[in-house]
Amino acid sequence: MPIDPTLPYDDANIFAKILRGEIPSAKVYEDDWAFAFEDINPQAEVHTLVVPKGRYVSWDDFSAKASDAEIGGFIRAVGEVARMKGLVEPGYRLMANIGAHGGQEVPHLHVHIFGGEPLGPMIWKR
Ligand code: AMP
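The opening position of the sequence shown corresponds to residue 1 in the numbering used here, with each subsequent residue numbered one higher.
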């Protein structure tokens, strides 16, 4: 079920539990600003999620309310994970789903990193 990105942050969401270490994840990277782990249901050869450590529901919430340091730290972490995965030379794709039309299911901002193979068209066409 897609989430409503205008609702307040819910500390019971699954990525909040991963950040608190309450449920396991396949950790890839961590720094002061971000945590990265493998998607449990990969849609490409490489499918890694990067989340900010702060309590932000979506890209909308984050871009409106996060500090410059949080935003800078998070963006740098996404790039670092892609470099760690060797994705720069072959190329990769970033995706952040927001709300119902975006198909967002987890109400904690996450950027998907896809790669490891040609990824096909940018978006589903009718
Ligand atoms: P989105 O539709 O953008 O909200 O994406 C949510 C993503 O989280 C999906 O790709 C799920 O496969 C992934 N996911 C859900 N639960 C977990 C989990 N416990 N560990 C890793 N990935 C998860």
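Backbone N, C-alpha and C define an ideal beta-carbon position, used for all residues, glycine too.
Anticipated Cβ contact below 8 Å, residue i with residue j, distance rounded
i	j	result
residue 10	residue 107	6 Å
residue 93	residue 115	7 Å
residue 27	residue 37	5 Å
residue 14	residue 23	7 Å
residue 98	residue 5	5 Å
beta-carbon residue i near ligand 1 non-hydrogen atom, thresh 6 Å
i	result
residue 39	yes
residue 123	no
residue 128	Only positions 1 to 126 of the chain appear in this structure, which leaves residue 128 out of reach.
residue 106	yes
residue 14	yes
residue 99	no
residue 127	Because the chain here runs from 1 to 126, residue 127 falls outside it and cannot be looked at.
residue 120	no
residue 91	no
residue 103	yes
- request: Count the CB pairs spanning the stretch 68-87 and the stretch 46-60 that are closer than 8 Å, and state whether there are at least three.
  value: yes
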